[in-house]
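The structure appears right after this line, and notes come after that.
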Amino acid sequence: MSKTRGAARVVVTGGAGFIGTHTIRLLLQAGHPVMVIDDFRHPCGEPVPGEVEVVAADMASPDALRALVAYRPQALIHLAAQGGVTRSLRDPASDALNNVVGTVAVLRAAVDAGRPTIVFASSGGAIYGRARRLPSRERDHAQPLAPYGAAKLAGEGYLGMFRRTFGLRFTAMRYGNVYGPYQDGTGEAGLVAISCDRLLQGLAPRVTGDGQQTRDFVFVEDVARANLLALARPLDGAVNVGTGRATSVNEIVQMLIRLAGQTLSPDQIAGRPGEVRANYLDPERAEARLGWTAQVSLEQGLSRTLESFRARLTAGSPPAAPTA
Ligand SMILES: NC(=O)c1ccc[n+]([C@@H]2O[C@H](COP(=O)([O-])OP(=O)(O)OC[C@H]3O[C@@H](n4cnc5c(N)ncnc54)[C@H](O)[C@@H]3O)[C@@H](O)[C@H]2O)c1
6 MSKTRGAARV
16 VVTGGAGFIG
26 THTIRLLLQA
36 GHPVMVIDDF
46 RHPCGEPVPG
56 EVEVVAADMA
66 SPDALRALVA
76 YRPQALIHLA
86 AQGGVTRSLR
96 DPASDALNNV
106 VGTVAVLRAA
116 VDAGRPTIVF
126 ASSGGAIYGR
136 ARRLPSRERD
146 HAQPLAPYGA
156 AKLAGEGYLG
166 MFRRTFGLRF
176 TAMRYGNVYG
186 PYQDGTGEAG
196 LVAISCDRLL
206 QGLAPRVTGD
216 GQQTRDFVFV
226 EDVARANLLA
236 LARPLDGAVN
246 VGTGRATSVN
256 EIVQMLIRLA
266 GQTLSPDQIA
276 GRPGEVRANY
286 LDPERAEARL
296 GWTAQVSLEQ
306 GLSRTLESFR
316 ARLTAGSPPA
326 APTA
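For the record, in the sequence shown the residue sitting at position 307 is 312 according to the numbering used here, with numbers rising by one throughout.
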């Protein structure tokens, strides 16, 4: 596709991943020249489009930081992170090394790159902890329960400092539970992807605990659209990217079983200690400040996800590398 004259140059860290792949698709459609920085430790399996410049390196490496500065992007969508709440509890130091120290290195280089607008992947699922009231609003006290959420909060803290001291403009996107095509279903996180994988293998989906825990499930294309809107309107603060709807694990699993045309009963497995019981996000700020609301209903989103998993299986595409 030819580039739209004047469309901002955008660097996407973690662009080979799940949310990155959908975000890049929209960026290219809008005519943005794009550079991806990704070390491919956890790619989603979709090839990065040919017109995208790729720096295959750790985001904190001298090569990646030099490339970022030389590209002089007008915007930086910072998605690269090691995912996984459980993994972060097992090894908080390596989580912090990648997700905090890596983020600080990228932000420092962004200053030298000419202060692009930053869109930062934070987490509405992990940052609020045991919320006193629901839905969670951005001004509520953030009390993460896992190192992964603490790292996101630290990232937001650094963004505030980089804004005050170095003039970087930013928006911290507090995504809900993102699901959709190309998500890794082989790891520990991603209920929808894991359940799709299991159903297509003829296995019963798994439900942890009583399955009544709730989350805010948001479709990945809606999230990618929010990322693009934030490029043009930095808020210098946080914004929830969720549907404002609480859905239980049981509801998700039952819907997927029905959409798959199966009659299996879910396997119940032990609950995770310290798991948040209820979480969903107030999306009012995203609507007021970004003009964003989730468009894809849960039914449509789950059905499209299941279909894409089926298509990949039929095409014999290799599964993404496991998260842990
Ligand atoms: N998926 C969700 O539900 C969700 C929810 C809230 C926040 N987030 C955040 O959104 C971002 C994207 O998530 P995702 O689901 O697409 O994850 P993902 O694992 O699919 O993508 C992350 C990408 O970052 C790359 N990466 C990781 N560490 C890197 C490093 N040091 N240098 C270079 N590349 C590196 C990986 O190879 C991968 O391609 C992450 O920051 C994640 O924490 C995701």
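Glycine is no exception: its CB is placed at the ideal position from the N, C-alpha and C atoms.
From a predicted model like this one, the values you see are computed outputs, not experimental measurements.
- According to DSSP, Q273 shares a beta bridge with V212.
- Going by C-alpha positions, A147 is about 8 Å away from L158.
- Within the same chain, Cβ atoms closer than 7 Å to the Cβ of L295 are found at A231, L234, A235, R238 and V244, the five residues on either side in sequence being excluded.
- With a cutoff of 8 Å on beta-carbon distance, A156 and G89 are scored as not near each other.
- According to DSSP, V197 shares a beta bridge with no other residue.
- For the pair G119 and R77, the CB atoms are nearer than the 8 Å cut-off.
- Per DSSP, V225 is one residue of the alpha helix (DSSP H) stretching across V225 to A237.
- Nearest neighbour of L307 by Cα position, chosen from E280, G249, E289 and V183, turns out to be V183.
- Each of F175, I199 and T176 was checked against the Cα of P186, and the nearest Cα belongs to I199.
- Here V106 is exposed, its C-beta having fewer than 16 other C-beta atoms within 10 Å.
- At a Cβ-Cβ threshold of 8 Å, G130 and R220 count as neighbours.
- R317 counts as buried, since no fewer than 16 other beta carbons sit within 10 angstroms of its beta carbon.
- In this structure G181 is in contact with V223, their Cβ atoms being roughly 4 Å apart against a cut-off of 8 Å.
- In this structure R142 touches D287 by the C-beta definition: roughly 5 Å separates them, less than 8 Å.
- Going by C-alpha positions, E292 is about 17 Å away from V124.
- When Cβ pairs closer than 8 Å are counted between the two stretches, the region 248-257 is seen not to touch the region 51-65, the count staying below three.
- For G247, the shortest C-beta to heavy atom distance toward ligand 1 is 7 Å or greater.
- The three-state reading of DSSP puts E58 in strand, counting E and B together.
- Judged by the Cβ position, F175 fails to qualify as a neighbour of ligand 1 at the 7 Å threshold, every heavy atom of the ligand being at least this far.
- Pairwise C-beta distances place the region 78-86 in contact with the region 14-31, as three or more of them are shorter than 8 Å.
- DSSP places R179 inside the beta strand (DSSP E), whose first and last residues are F175 to Y180.
- Separation of A110 and L70 (C-alpha to C-alpha, rounded to the nearest whole angstrom) is 8 Å.
- Contact check for L112 against Y153 fails: the beta carbons are separated by 8 Å or more.
- At a Cβ-Cβ threshold of 8 Å, L208 and F314 do not count as neighbours.
- The Cβ-Cβ distance between H37 and A12 falls below 8 Å.
- C-alpha of V57 to C-alpha of V212: approximately 39 Å in a straight line.
- Distances between the C-beta of H47 and the heavy atoms of ligand 1 include at least one below 7 Å.
- Among the bridge pairs identified by DSSP, S127 is matched with R179.
- Positions of the beta strand (DSSP E) runs, each at least 3 residues long and wholly inside the region 66-141, are given as 80-83 and 122-128 in order along the chain.
- Inclusion of T18 in the 7 Å shell around ligand 1 follows from its C-beta lying nearer than that to a non-hydrogen atom of the ligand.
- Using a cutoff of 7 Å, the CB of L70 does not count as near ligand 1, since none of the ligand's heavy atoms is closer than that.
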